[in-house]
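A quick write-up on the structure given underneath.
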Amino acid sequence: MATGTPSAGVDPLAWLDEQAVARRAAGLRRRLRPRTAGDALLDLAGNDYLGLTRHPAVVRGAVDAAREWGAGATGSRLVTGSTTLHADLEAALAAQLNTEAALVFSSGYLANLGAVTVLAGRGDLIVSDAYNHASIIDACRLSGARVAVVPHRDVAAVSAALAQRAEARALVITDAVFSVDGDLAPLGALHETSRRHGAVLLIDEAHSLGVVGPAGRGAAVAAGVAGEPDIVLTATLSKSLGSQGGALLASRRVVEHAVDAGRPFIFDTGLAPPCAGAALAALRLLVEDPRLATDVVRAAHALAATVRAAGLRASEPDAAVVGVPLASPEVAVAAAETCAEHGVRVGCFRPPSVPDGISRLRLTAHAGLPSDALRRLGAALREVSGQPPPVRLA
Ligand code: PMP
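For the sequence shown, the working numbering assigns the number 49 to the initial residue and increments by one for each residue that follows.
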């Protein structure tokens, strides 16, 4: 046996235990906590921004699709997994986000992998905001392109990276609304810079579809850049649309290229019909009642004000997400537990899910929060900050 070869009988996965011990010591162990049906917690952690996942019309959309098409898509989109329901959903998404065409994927994560890898590869440059979502980071790695990570929302840095490049082709990528603090990317300036340097701009509308822009049509529509030939959008169906799945939205030629060349599209089973049916029903609700989108942004501002009144810091929300930075992963976990004891479910983000290494609570607003939501959140957060309850004047 060669020196250094592990001997028979040694546990080849012992390193997993060592890593688990190290993560526990750093406050970074993660635990799955299955939700029970009908629990009474106030949900400020989920991404169901418009409260549509249980809307009767959305549930009916899923049920009708399951009855008509079955529970699964039966194959990849190019074999048996494309139904007329998928085509209807793609047409509705393209109309809502003002693009020529759309292509539905089985998740937003895969939509990003697909979009990035068909637009950039070896020999190209990708310029990516430091706060972009993990699916974009993974997509950049998978593409094989050179990746320049630029400081958060820094248009001058994007411009410099593009100007200094040796590569002919370049792709600039940004979340429209960043997932941790809910702030908006400077899309107009990014588009202007990208175009000046001959680059394509890819915008991830995961947290802006249904929330930002007129009737929740997204940040690209709001910035007046949707439908431009050098703009490509991705979106998820699993947040404001209350379903599951993702989409690439762009000109017809980009979508046709993704059908031909997008491995995350080609080699994946098509989106399950109940998810497509639910997303389509949710989109129709949004078109019928554009106020849903404004309600959620108003609710986010009310959440941020409640956090500050309780003596903690809160990000300035441009959409549904409010970040509450805390001192350490342990403090963040303890704060989330205190909230749960008060019947309030909040998100708890720790490294590696936070780009700046700062652990925080992540609150998400929903259209139609119950009337006592702010009072319950305020009570929980005052216990977190140690601030006494406000004095009630008679
Ligand atoms: N992009 C962003 C910005 C996200 O926050 C997420 C989900 N957290 C995704 C993409 C992935 O979408 P999905 O959950 O549908 O895979």
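Yeah, the Cβ is synthetic: ideal placement off N, Cα and C, and Gly gets one too. Since the model is a prediction, treat every value here as computed from it, not as a measurement.
Taking only runs that begin and end inside the region 370 to 415, name each unbroken alpha helix (DSSP H) of 4 or more residues, in chain order.
-> 377 to 389
Roughly how many whole angstroms lie between the Cα atoms of THR342 and VAL260?
-> 8 Å
With respect to the alpha helix (DSSP H) encompassing ALA105, which residues constitute its N-terminal and C-terminal limits?
-> 104 to 117
Endpoints, alpha helix (DSSP H) assigned at SER242 | 235 to 244
Test item, CB below 6 Å from any non-hydrogen atom of the ligand PMP | SER155, GLY156, TYR157, ASN160, HIS181, SER183, ASP223, SER227, ASP252, ALA254, HIS255, THR284, SER286 and GLY294
By Cβ distance, which residues of its chain are closer than 6 Å to ALA368, with the 5 residues on each side in sequence left out?
-> TYR97, VAL259, VAL344, ALA348, THR412 and ALA413
For PRO60, which three-state DSSP category applies?
-> coil
VAL220 and HIS305: beta carbons closer than 7 Å?
-> no
Of the residues LEU249, ALA270 and HIS245, which one's Cα is nearest the Cα of LEU257?
-> ALA270
Endpoints, alpha helix (DSSP H) assigned at THR222 | Per DSSP, THR222 belongs to no alpha helix (DSSP H); it is in the beta strand (DSSP E), 218 to 223.
Does the region 393 to 404 come close enough to the region 243 to 256 to have 3 or more Cβ pairs within less than 8 Å?
-> no
Compare the Cα-Cα distances from PRO199 to each of ASP172, ALA233 and ALA168 and report the closest residue.
-> ALA233
DSSP beta-bridge partners of PHE153 = GLY294
Label PHE397 either buried or exposed according to how many other C-beta atoms from any shown protein chain fall within 10 Å of its C-beta, with 16 as the threshold for buried.
-> buried
Could I get the ranges of all uninterrupted alpha helix (DSSP H) runs contained in the region 131 to 180, with 4 residues as the minimum, in chain order?
-> 132 to 145 and 156 to 167
Give me the Cα-Cα distance between LEU429 and HIS255, rounded to the nearest whole angstrom.
-> 25 Å
Taking C-beta to C-beta, are ALA178 and VAL152 nearer than 7 Å?
-> no
3-residue-minimum beta strand (DSSP E) runs that sit fully inside the region 251 to 323, ordered along the chain = 279 to 284 and 294 to 298
Can you tell me the Cα-Cα spacing of ARG311 and GLY162, whole angstroms?
-> 7 Å
Start and end residues, beta strand (DSSP E) containing LEU90 = 90 to 92
Given PRO365 as reference, the closest of LEU235, ASP231, ARG356 and GLU138 once Cα atoms are compared = ASP231
For PRO399 and GLU66, the rounded distance between their alpha carbons = 18 Å
Given TRP117 as reference, the closest of ARG423, GLU378, THR147 and ALA324 once Cα atoms are compared = ALA324
Does the count of Cβ pairs from the region 325 to 336 and the region 97 to 115 closer than 8 Å reach three?
-> yes
Among GLY371, PRO377, ARG265 and ALA204, the one whose alpha carbon lies nearest that of VAL444 | Since the first and last residues shown for the chain are 49 and 442, residue 444 lies out of range.
Mind reading off the beta-carbon distance from SER299 to ALA149? Whole number of angstroms is fine, and I expect it under 8 Å.
-> 7 Å
Nearest to GLU385 by alpha carbon, out of ASP404, GLU431, ALA88 and ASN180?
-> GLU431
When the Cα atoms are used, what is the spatial distance from GLY293 to ALA56?
-> 45 Å
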